[in-house]
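> Each residue of the sequence shown is one higher than the one before, starting from -9 at the first, in the working numbering.
Structure below; questions to follow.
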Amino acid sequence: MTTRTFRTTVRGAFDGLTDGQRDELLAAAPEHDMLRAEFTAEGHLTYDLAARPFFTFRFLDAGEAEEDILDATARAELAAEGWLTERGYGFKQLRSQAQDLSLAPLGKRQRREAARAGSQA
């Protein structure tokens, strides 16, 4: 069997933050900038609290079957909830979306490389 790679995004909004929590998040904002966004196994958080109260976690997971994406999504949601709850951050409107990269269409560069590899075979 081949391994499938899953990308899961968990989005939501901070809710009921205290002034101290808000200051803490604003101080850590450079680490969570959208320009540094990446998909990681432990999850990568991005937000721009100065502009709006929304956040996004990005998770990278794997499985062997297409159905494994459901478990990967559940793990991502639990991890995001755990991270927020552990720090006492209130949140609402949590929703997730997952993508199986083995089913994603190839980009222009990937199509060109696949065509070149096929012509060399």
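Note that the Cβ used here is the ideal one computed from N, Cα and C, for glycine as well.
Just checking my contact of A3 with K82 at CB under 8 Å: how many whole Å lie between their CB atoms?
Here residue 3 refers to the residue found at position 13 when the sequence shown is read from its first residue. Here residue 82 refers to the residue found at position 92 when the sequence shown is read from its first residue. Contact holds; Cβ gap of about 5 Å.
> Quick check: what's the CA-CA separation for E54 versus D9?
Walking along the sequence shown from the start, residue 54 turns up at place 64. Walking along the sequence shown from the start, residue 9 turns up at place 19. Answer to the nearest angstrom: the Cα atoms are 45 Å apart.
> Considering only the alpha carbon of each residue, which of L7, T36, L68 lies closest to E21?
The sequence position of residue 21 within the sequence shown is 31, counting from 1. Nearest of L7, T36, L68 to E21, Cα basis: T36.
> Would you call the CB atoms of L39 and A70 closer than 8 Å?
On the sequence shown, position 49 is the one that residue 39 refers to. On the sequence shown, position 80 is the one that residue 70 refers to. Their beta carbons are not under 8 Å apart, which means L39 does not touch A70 by this criterion.
> Could you check if E103 is buried or exposed, using at least 16 other CB atoms within 10 Å of its CB as the buried criterion?
Position 113 of the sequence shown, counted from the start, is the residue given in the question as residue 103. With fewer than 16 Cβ atoms within 10 Å of its Cβ, E103 is classed as exposed.
> May I ask which residues mark the beginning and end of the alpha helix (DSSP H) holding R77?
The sequence position of residue 77 within the sequence shown is 87, counting from 1. Run containing R77: none; DSSP gives neither H nor E here.
> Are the CB atoms of F29 and R(-3) within a distance shorter than 8 Å?
Counted from its first residue, the sequence shown places residue -3 at position 7. Counted from its first residue, the sequence shown places residue 29 at position 39. Yes.
> Label E56 either buried or exposed according to how many other C-beta atoms from any shown protein chain fall within 10 Å of its C-beta, with 16 as the threshold for buried.
Here residue 56 refers to the residue found at position 66 of the sequence shown. By the 10 Å Cβ count, E56 comes out exposed.
> Quick check: what's the CA-CA separation for V0 versus F49?
Locating residue 0 in the sequence shown gives position 10, where the first residue counts as 1. Locating residue 49 in the sequence shown gives position 59, where the first residue counts as 1. The straight-line gap from Cα to Cα measures roughly 8 Å.
> For A(-5), which residues from the same chain have a beta carbon less than 6 Å from its beta carbon, with the 5 sequence-adjacent residues on both sides left out?
Position 5 of the sequence shown, counting from 1, holds the residue named residue -5. This sequence places Thr at residue -5; Ala is not what is there. Closer than 6 Å at the Cβ level, and outside the excluded window around T(-5), lie A52, L91.
> Is it buried or exposed, A62, if we count other Cβ atoms within 10 angstroms and call 16 or more buried?
Residue numbering aside, residue 62 sits at position 72 when the sequence shown is read from its first letter. Result: buried.
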